[in-house]
Every structure is written in C-alpha cells, then in structure tokens.
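The numbering of the sequence shown is the numbering used here, which starts it at -11 and goes up by one. See structure below.
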Amino acid sequence: MGTKSMDIESDTADQIEIIYEDEHLVAINKEAGLLVHRSWLDKGETRFAMQLTRDAVGCHVFPVHRLDKPTSGVLLFAKTSAVARSLGEAFTAHTVTKQYLAVVRGFMPDQGSIDYALSFKPDAIADKFADLDKPAQEAVTHWQSLAQVELPFAVSKKHATSRYSLVRLIPETGRKHQLRRHMRHVFHHIVGDTSHGDIRHTRFFRTHYDCTRMLLHAQTLALSHPVTGEPLLLKAGLDEQWMRILEEFSWVESAEY
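If you want it as structure tokens, here you go:
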C-alpha cells in the first residue's frame, strides 16, 4: 500500500502552509514561534495555528496533538469531533509515527534509545489545578545520527572545538517537552532550546549563523487515515534558517526523508 501526500499553497493574507487536506483532515507545516491555540501563557500573541487553519479551509478544526511553540513541522487537525476522537485514540495507541529532525550538541552514536521516565512539570497558569503529585510517566525516544560536524570554535572553555550532530528523533511516547528533556538528560541539548538547552550553544548559533529558532522540526507524520484506512505520510519542509544551517554544514542530503 502506498502513501499519500500533497502540497497546497494557502491564498490567505496571513500565510499558513497547508500540506494535506481532504474532507476529514487538514495538516499544516507549523512555523516556529506559532502557538497551536490560544493560551493564558502567551496573552500577547495574536496568531494561532488553529485559527489560521480554520480561516484557510473555511470550517472549524479540532486539534488532535500539539507541537511546542518553538517547534516547527507537521501539525494535524480533524474537521469533525468524531474524526478527532478517532485520531486521539490512534495517538494514544501509539499507531501514529512521528519523526523529527534536530541539531544537538556533541557527537551522538549512530543509533539508540532513551528510556527515561519524565516527571510532571506544571505550567504556572495552564496547570494551575492539575495534580502535582503525579508519578513520573514512562517516556521513550529513539534516535538515529544522520551527520556530524566539528567546528574550530571554543564555545565551551573545556574544548578547543565544538561538535554538533544532525539527528532523527522518533518518540515512542508523547510526554510534555519529551524530546527536549530527553536530549538534555543525555547531555546532547537541542540547539536553540532556551528552556532545556545549553545557552552557550544557542548564543553561538545566533551570533555566527543568525539562527534565532530552536532547531527541532516535526518532519513527518505517518498514520492510517481514520476514515478510509489508507496509509498517510505527511511531510513538512524546512524553513530558511534550517536550510541555512544544513547548507553551511553540508547536511542537506542527510536531512532528506
């Protein structure tokens, strides 16, 4: 059975890239810095992926998963509550495969897995009434190292050079900030992550490569269509800052899915 993918350009003034649409689903390539929906945590924001997608397709849409504000890539919405429930069940059953690209500090081994339970980290406002005594939840992330580079810059005082890896991250579970926290746990922080990363490397990329975003991108989402059962492979392209880094390090081919 094959996969189905398409690219559709939005004609709305406030541009949003639609990468797949049918009568049941719509998927977009969420830009870095865009919230999925309104949040008390970002009261000053006026643009939201859910509202922009609704306006672009002309009907209400239902979020079925989320991406952190600084993460870009495939974001899927349902057009009905019934389809949203079906997709939610698929995510819960781990029958949806998500693959991310990330740039991390250091050289990572060719492949491996991180099995490290994550404790609940509440947001001051969004999780005001949440149970703060939740036990740590199982969290598993698999990785593949795609390319590496060593630069003649001493970002850390301990080393005369700095090393970075381009990696593919495949989360088996979907915990809050899982990839960012797992990479920190193994000391391969994601470049540009201001909450869980290493500020020295984030500043280095900002200064030398004009990179102002977190280098984490949801590249593909693979699932069975909730209505037809056909396999879907949704792909999201990389933005200008990502491409600049890939070209600088000769990683363009390594990043291709």
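Ideal placement from N, C-alpha and C gives every residue a C-beta, glycine not left out.
Minimum C-alpha distance to residue i - residue among the options
i, options, result
"residue 208", "198, 215, 197, 221", "221"
"residue 210", "20, 66, 78", "78"
"residue 99", "141, 17, 64, 157", "157"
"residue 236", "152, 144, 169, 205", "152"
"residue 139", "80, 132, 148, 133", "148"
"residue 178", "155, 35, 163", "155"
"residue 143", "76, 190, 64", "190"
"residue 15", "170, 168, 101, 64", "64"
"residue 205", "136, 62, 76", "62"
Rounded separation between residue i and residue j - CA only
i, j, result
"residue 229", "residue 200", "8 Å"
"residue 87", "residue 60", "12 Å"
"residue 3", "residue 146", "44 Å"
"residue 244", "residue 74", "30 Å"
"residue 226", "residue 186", "23 Å"
"residue 5", "residue 224", "9 Å"
"residue 242", "residue 17", "20 Å"
"residue 134", "residue 89", "9 Å"
"residue 248", "residue 165", "With the chain running from -11 to 245 in the structure shown, residue 248 is simply not present."
"residue 46", "residue 8", "15 Å"
"residue 246", "residue 168", "The chain is shown from -11 up to 245; residue 246 falls before or after that span and cannot be answered."
Residues of its chain near residue i, where Cβ-Cβ distance is below 8 Å and the 5 sequence neighbours each way are ignored
i, result
"residue 71", "12, 13, 50, 214, 215"
"residue 233", "91, 193, 197, 199, 203, 239"
"residue 48", "42, 67"
"residue 141", "149, 150, 192, 196"
"residue 212", "78, 83, 218, 219, 220"
"residue 21", "57, 58, 201"
"residue 97", "133"
Contact set for residue i: own chain, Cβ-Cβ below 7 Å, skip 5 residues either direction
i, result
"residue 122", "108"
"residue 301", "Here the chain comprises residues numbered -11 to 245, so residue 301 is not present and cannot be evaluated."
"residue 130", "101, 158, 160"
"residue 69", "50"
Own chain residues within Cβ distance below 6 Å of residue i, not counting five before or after
i, result
"residue 128", "103, 160, 161"
"residue 132", "99, 156"
"residue 85", "210"
"residue 172", "184"
Outcome for residue i when other beta-carbon atoms lying within 10 angstroms are tallied against a minimum of 16
i, result
"residue 116", "The predicted position of residue 116 is uncertain, since its pLDDT is 45 and thus under 50; no value can be drawn from it."
"residue 188", "exposed"
"residue 176", "buried"
"residue 25", "exposed"
"residue 44", "buried"
Chain C contact for residue i (CB, 8 Å cutoff)
i, result
"residue 148", "Looking at the structure shown, chain C is missing, and only one protein chain is on hand."
Segment contact flag, the stretch 91 to 100 with the stretch 50 to 70, C-beta cutoff 8 Å, min 3 pairs: no
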